[in-house]
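Sequences listed follow chains W and G, in order. Quick note: the first sequence, position 75, residue 75 per the numbering used here, numbers continuous. Quick note: the second sequence, position 51, residue 1051 per the numbering used here, numbers continuous. Written out below as structure tokens is the structure these notes cover.
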Amino acid sequence: EVQLVQSGAEVKKPGESLKISCKVSGYSFNNFWIGWVRQMPGKGLEWMGIIYPGDSDTRISPSFQGQVTISADKSTRTAYLQWGSLKASDSATYYCARAWTSGTFFDFWGLGTLVIVSS
Amino acid sequence: EIVMTQSPATLSVSPGETATLSCRASQSVSRDLAWYQHKPGQAPRLLIYGASTRDTGIPARFSGSGSGTEFTLSISSVQSEDFAVYYCQQYNNWRALSFGGGTKVEIK
């Protein structure tokens, strides 16, 4: 069974750093892309970027370029999304999802990680 | 960036009725269009890809159609478990995947 298990909710202050995770099971981690999608409160879905764990090839949406880093650890079958300096506007739910290629749809999703950034 | 516009924002239907959701792209995406169902507290679920191909296990009452810039998701004989938010997503521009704003299907 394909599963993407995301890390728990986070409450952070502006300016702090954060790294959230997405641990996968049930398929070959190295052979599929993992994407990240943001959902701000009461809003729709926004594609942030995607990584191929096999060789760490990464594509970041122009809207998020320079704002986040996407990485993957093959040894633990885990993908990561991180911020160096959070802003209040980063408050959102973040989903990881599996894709067959870098530019396609997502066939399995995690439950999401809620990030609250507040002073 | 390709902008995806969904309408209506909210659709009120009675169980057993047919729901018709629309998704419009700001430029042609060919048939590179997917539909997702999202319920509160759950992971989004892939329903349709390639504009009209149902994913594994998706009931036949869900059907997708369209190409280019105009797409439709139809839910025939809406069931109680179908009340959710539905998103379309284009993947024709792989450098900038984009989603629509969503259509909430609610009980009338």
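In this text, a Cβ means the ideal position worked out from N, Cα and C, and glycines have one as well.
Residue i in three-state terms, based on DSSP
i: Ala1060 of chain G; result: coil
i: Ala88 of chain W; result: helix
i: Ser1098 of chain G; result: strand
i: Ser1074 of chain G; result: strand
i: Glu1017 of chain G; result: coil
i: Glu1081 of chain G; result: helix
i: Phe64 of chain W; result: coil
i: Phe108 of chain W; result: strand
Residue burial classification, residue i (beta-carbon count within 10 angstroms, cutoff 16)
i: Thr104 of chain W; result: buried
i: Ile1107 of chain G; result: exposed
i: Gly53 of chain W; result: Looking at the sequence shown, residue 53 of chain W is not Gly but Pro. It is buried - the Cβ of Pro53 of chain W has at least 16 other Cβ atoms within 10 Å.
i: Val11 of chain W; result: exposed
i: Arg98 of chain W; result: buried
i: Gln1079 of chain G; result: exposed
i: Thr76 of chain W; result: exposed
i: Trp100 of chain W; result: exposed
i: Asp57 of chain W; result: exposed
Proximal residues to residue i (C-beta, below 8 Å), its chain only, five neighbours per side dropped
i: Thr78 of chain W; result: Ser21, Cys22, Lys23, Val24 and Ala72
Close Cβ partners of residue i (< 6 Å) along its chain, the five nearest in sequence each way excluded
i: Ser1007 of chain G; result: Ser1022
i: Ser1012 of chain G; result: Glu1106 and Lys1108
i: Ile113 of chain W; result: In the sequence as displayed, the identity of residue 113 of chain W is Thr instead of Ile. Answer for Thr113 of chain W: Gln6, Ser7, Ile20 and Tyr94, listed in chain order.
Contact set for residue i: own chain, Cβ-Cβ below 7 Å, skip 5 residues either direction
i: Arg1031 of chain G; result: Gly1050, Ala1051 and Ser1067
i: Asn30 of chain W; result: Pro53, Gly54 and Lys74
i: Ala1084 of chain G; result: Gln1037, His1038, Lys1039 and Val1105
According to DSSP, residues forming a beta bridge with residue i
i: Leu45 of chain W; result: W:Gln39
i: Ala1034 of chain G; result: G:Gln1089
i: Thr58 of chain W; result: W:Ile51
i: Gly1066 of chain G; result: G:Phe1071
Item to complete: Mind checking the region 67-101 of chain W against chain G and listing, in chain order, the residues whose C-beta falls within less than 8 Å of any C-beta there?
Response: Tyr95, Ala97 and Thr101
Worksheet item: Relative to chain W, which residues along the region 1043-1068 of chain G have a C-beta separation below 8 Å, given in chain order?
Response: Ala1043, Pro1044, Arg1045, Leu1046, Tyr1049 and Asp1055
Worksheet item: According to a CB-to-CB cut-off of less than 9 Å, which residues of the region 1074-1100 of chain G neighbour chain W?
Response: Val1085, Tyr1087, Gln1089, Tyr1091, Asn1092, Asn1093, Trp1094, Arg1095, Ala1096, Leu1097, Ser1098, Phe1099 and Gly1100
Discussion item. Short of 7 Å Cβ to Cβ, which residues in the region 23-45 of chain W face chain G?
Written reply: Gly44 and Leu45
Practice prompt. With 7 Å as the C-beta to C-beta threshold (strictly closer), list the residues of the region 1003-1024 of chain G near chain W in chain order.
Written response: none
Discussion item. Give me the subset of the region 103-116 of chain W whose CB atoms are less than 9 Å from a CB atom of chain G, sorted by chain position.
Written reply: Gly103, Thr104, Phe105, Phe106, Asp107, Phe108, Trp109, Gly110, Leu111 and Gly112
Practice prompt. Closer than 9 Å, Cβ to Cβ, to anything on chain G: give me those residues from the region 43-62 of chain W, in chain order.
Written response: Lys43, Gly44, Leu45, Glu46, Trp47, Ile50, Arg59, Ser61 and Pro62
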